[in-house]
Amino acid sequence: MRIATWNVNSIKAHLDSVSAWLTAEKPDVVCLQEIKCEDQAFPAAHFEDLGYQATVHGQKTYNGVALLSRLPMEDVQRGLPGDASDEQARFIAATVIEGSKAVRVCGLYLPNGNPAPGPKYDYKLGWMKRLQEFARAELLKEEAFVLAGDYNVIPEARDARNPQNWVGDALYLPATREAFRTLLALGLTESFRALHPSMVEYSFWDYQAGAWPKNNGIRIDHLLLSPQAADRLVSAEIHKTVRGDEKPSDHVPVMIELG
DNA sequence: ATGACTAATTCGATTAGA
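So in our numbering, the last spot in the first sequence is 339, and the numbers never skip.
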């Protein structure tokens with residue numbers, strides 16, 4: 081089963097680029113972030129024509145997440161547990177069935193958190209704490225699950241072309257990276273780094289200042305695996321050429337294969 | 001001179017992203 085994550089920075093604005101990649105790669109499941117539309121405005125019929133069922137947790141203007149799947153989805157969950165007052169659409173999960181095998185696929189859009197310090201950064205750290213609690217509970221089930229999405233976390237210095245530019249930024253502050261390590265320490269495997277221990281690759285390049293042609297990027301889109309999913313991990317790849325599309329998102333897809 | 005952004009909302013200036 082091939083599972084991808086992609087922050088599309090508006091599904092309507094970048095529908096051509098997304099559709100071209102889907103048609104070329106034909107992943108089984110895709111977690112989309114920043115669709116920036118409400119449920120009824122999501123182009124579900126368009127994706128049906130491409131062979132995908134859509135499950136959407138939308139929001140007007142900001143945020144919004146969705147799952148696309150060629151395989152049956154069950155037990156859809158919208159919203160990250162732990163704060164009933166949180167109205168931002170940043171989490172969606174479904175169990176994807178392939179024959180006798182099942183994977184719980186969780187798509188997440190972790191808050192950016194800038195400016196830091198401040199209420200937005202507090203929200204980010206609180207969200208990460210809730211994600212830890214969610215993962216802890218899921219791990220007790222001893223089943224295959226994937227936490228895939230835009231984490232807005234640069235895990236280490238080598239995950240940025242110019243790490244000095246990110247000192248003090250919510251994506252790279254020590255407390256941010258510590259919270260990410262705490263999540264991993266629960267027993268999760270970071271797919272890309274597990275398979276490519278020393279590879280330098282990025283998943284985001286700013287639209288500004290020629291970041292893409294200068295390869296001034298950061299790696300912030302990740303797929304974290306439960307032990308039962310990690311046992312099945314075959315590959316993990318960042319599809320960076322998509323950033324050169326005519327009208328691209330500022331993020332590119334990251335895809336894993338589970339056997 | 002010097003790669004000075006893009007998208008949504010709504011029609012232009014503001015907010016947000018990272």
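Every residue, glycine too, gets a C-beta built ideally from N, C-alpha and C.
Original post:
Using DSSP with H/G/I as helix, E/B as strand and the rest coil, what is Trp246?
Top reply: helix
**OP:** Return the chain-ordered list of same chain residues with a C-beta closer than 8 Å to the C-beta of Lys327, the five sequence neighbours on each side being excluded.
**Re:** Ala93, His94, Asp96, Ser97
Subject >> Closest by C-alpha distance to Glu218, when choosing among Pro243, Val247, Ala250, Val183 >> reply: Val183
**OP:** Would you give the residue range spanned by the alpha helix (DSSP H) that Ala127 belongs to?
**Re:** Reading off the sequence shown, one finds Phe at residue 127, where the question assumed Ala. Looking at the DSSP string, the run of the alpha helix (DSSP H) that includes Phe127 is 124 to 129.
**OP:** Answer yes or no: do Arg241 and Asn194 have a C-beta to C-beta separation smaller than 8 Å?
**Re:** no
Original post:
Near Ile318, what residues of its chain come up, given a Cβ to Cβ distance below 6 Å and the 5 sequence neighbours on each side ignored?
Top reply: Glu281, Ser283, Val334
Original post:
If you draw a straight line from the alpha carbon of Lys116 to that of Gln139, how long is it in whole angstroms?
Top reply: 6 Å
Original post:
Should Lys221 be labelled buried (16 or more other beta-carbon atoms within 10 Å of its own) or exposed?
Top reply: exposed
Subject >> Between the CA atoms of Val136 and Gly179 - distance to the nearest angstrom >> reply: 24 Å
**OP:** Could you tell me if Leu305 is buried or exposed, where buried requires 16 or more neighbouring beta carbons within 10 angstroms of its beta carbon?
**Re:** buried
Original post:
Do you know offhand how far Arg299's Cα is from Ile234's?
Top reply: 6 Å
Original post:
What three-state label does DSSP hand Leu304 in the structure shown?
Top reply: strand
**OP:** For Ala169, collect the residues of the same chain with a Cβ closer than 7 Å to its Cβ; drop the 5 residues on either side in sequence, then sort them by chain order.
**Re:** His137, Gly138, Gln139, Asn143, Gly144, Val145
Subject >> Runs of beta strand (DSSP E) wholly within the segment 123 to 186 (minimum 3 residues, chain order) >> reply: 133 to 137, 145 to 149, 153 to 158, 171 to 178
Original post:
Short check: CB of Leu190 to CB of Met208, under 8 Å?
Top reply: yes
Original post:
What are the start and end residues of each continuous alpha helix (DSSP H) run of 4 or more residues lying completely inside the segment 230 to 284, in chain order?
Top reply: 254 to 265, 271 to 275
**OP:** Enumerate in chain order the residues of its own chain whose CB-to-CB distance from Arg360 is below 6 Å, with the five nearest sequence positions on each side excluded.
**Re:** Outside the shown range of the chain, which is 81 to 339, sits residue 360, and nothing can be said about it.
Original post:
By the 10 Å Cβ neighbour count, where 16 or more other Cβ atoms means buried, how is Met81 classified, buried or exposed?
Top reply: buried
Subject >> Cut-off 6 Å between Cβ atoms - residues of its own chain near Gln152, not counting five sequence neighbours on either side >> reply: Reading the sequence as shown, one finds Pro at residue 152 and not Gln. So the list reads Ile177, once near-sequence residues are dropped.
Original post:
Ordered along the chain, which non-local residues of its own chain (more than five positions away) have a Cβ less than 7 Å from that of Glu270?
Top reply: Leu264, His302, Leu304
Subject >> Three-way DSSP call (helix, strand, coil) for Glu213 in this model >> reply: helix
Original post:
Cα separation between Val314 and Trp101?
Top reply: 21 Å
**OP:** Find out if the Cβ-Cβ distance for the pair Phe272, Tyr231 is shorter than 8 Å.
**Re:** no
Original post:
Going by the CB atoms, is the gap between Leu275 and Ala316 shorter than 8 Å?
Top reply: yes
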